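To start, the structure itself, in structure tokens.
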Amino acid sequence: MEKSIPQHIAVIMDGNGRWAKKRGLARSFGHIEGAKALRKALEYFTEIGVKYLTVYAFSTENWNRPQDEVSTLMKLFLKYIKNERKNMMKNRIRFFVSGRKDNVPEKLQKEIEKLEEETKNNDKITLNIAFNYGSRAEIVDAVNKIIEDEKKYITEEEFSKYLYNDFPDPDLVIRTSGEMRISNFLLWQIAYSELYITDTLWPDFDEKEIDRAIESYNQRERRFGGLKNV
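Going by the working numbering, the sequence shown opens with residue 32, and the numbers climb by one from there.
What follows is the structure, given as structure tokens:
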């Protein structure tokens with residue numbers, strides 16, 4: 032049986048802090064290693080033919096973390112954007128950020144918009160970073176746009192167009208670090224996504240772990256609410 036590659040994979044990148052704590056390091060080191068893991072994962076997902084990769088990088092609730100950690104994450108994201116620009120252009124990676132712009136430092140927001148514009152025609156894979164993102168916030172924002180447009184009736188398909196992006200719904204959602212929850216991530220979009228939970232912490236999530244996740248995905252029968260064919 033030929034292996035099926037999910038066209039859209041979404042990842043809750045969890046465990047950076049625990050990875051660092053296990054090694055007696057500051058949480059910031061875990062986030063640095065997490066950024067390295069993202070680059071490696073993106074390369075492998077691109078190689079095997081995934082078309083969309085959505086990663087949960089910073090939630091609307093993460094602003095409640097210690098200020099020094101939040102500041103580190105902002106600086107790390109800015110550095111990631113600058114460092115990965117050439118690689119994204121070379122490998123035809125489209126860069127996109129889904130989330131609210133509120134509270135995001137102006138310098139970082141400008142770099143986000145600049146890279147989105149520069150890579151908008153790249154067609155190998157789309158890297159969608161959920162940053163300052165919360166699914167409930169996304170749904171509320173969509174509803175407010177619908178109200179502004181004075182629409183009295185709307186279908187599910189039309190509603191989807193008011194979300195932060197128009198990408199296909201994820202086929203597979205991966206969560207690292209073993210936590211058994213969705214954490215306000217893509218609540219609308221993952222209605223029929225397959226879920227894969229691994230105890231592996233994000234900085235340790237490598238090609239072998241990706242292969243295991245896809246192998247698990249290939250053992251599923253996706254019904255989308257329908258009955259199994261007899």
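Cβ atoms here follow ideal geometry from the backbone N, Cα and C, with glycine treated the same way. Model, not experiment: these values are computed from the prediction.
Give the range of the beta strand (DSSP E) segment to which residue i is assigned.
i	result
S90	83 to 90
I40	39 to 43
Measuring alpha carbon to alpha carbon, tell me which residue in the options is nearest residue i.
i	options	result
R49	E225, S59, A41	S59
N196	R212, L146, N159, V204	N159
H62	I213, E169, A88, S191	A88
E189	I143, I170, H39	I170
K82	E246, D202, S191, I43	D202
R54	L232, A244, S247	L232
T77	K113, P37, I43, F108	P37
F198	I205, S129, A168	S129
A66	E115, Y227, E252	E115
L146	G209, L217, T85, N118	N118
F162	E246, T91, P234, H39	T91
Q98	Y111, N134, N215	N134
G209	L109, L107, I43	I43
What first and last residue would you give for the alpha helix (DSSP H) that runs through residue i?
i	result
I245	238 to 249
With 16 other CB atoms within 10 Å as the buried threshold, where does residue i fall?
i	result
E64	buried
D242	exposed
V261	Any reading at V261 is ruled out, since the residue's pLDDT is 41, under 50, leaving its predicted position unreliable.
W94	exposed
D45	buried
T157	buried
G80	exposed
N47	buried
Q220	buried
### Task
May I have a chain-ordered list of the alpha helix (DSSP H) segments no shorter than 4 residues that lie completely inside the region 168 to 233?
187 to 191
### Task
For the region 45 to 74, list the alpha helix (DSSP H) runs that are entirely contained and at least 4 residues long, ordered along the chain.
47 to 53
### Task
Would you mind listing the alpha helix (DSSP H) stretches within the region 103 to 172 that are 4+ residues and don't spill past its ends, in chain order?
137 to 149
### Query
Between the region 122 to 130 and the region 150 to 163, are three or more C-beta pairs nearer than 8 Å?
yes
#### Entry: Given 8 Å, three or more beta-carbon pairs between the region 171 to 184 and the region 103 to 119
no
### Query
How about the region 234 to 248 and the region 69 to 76: do they share at least three Cβ pairs that are nearer than 8 Å?
yes
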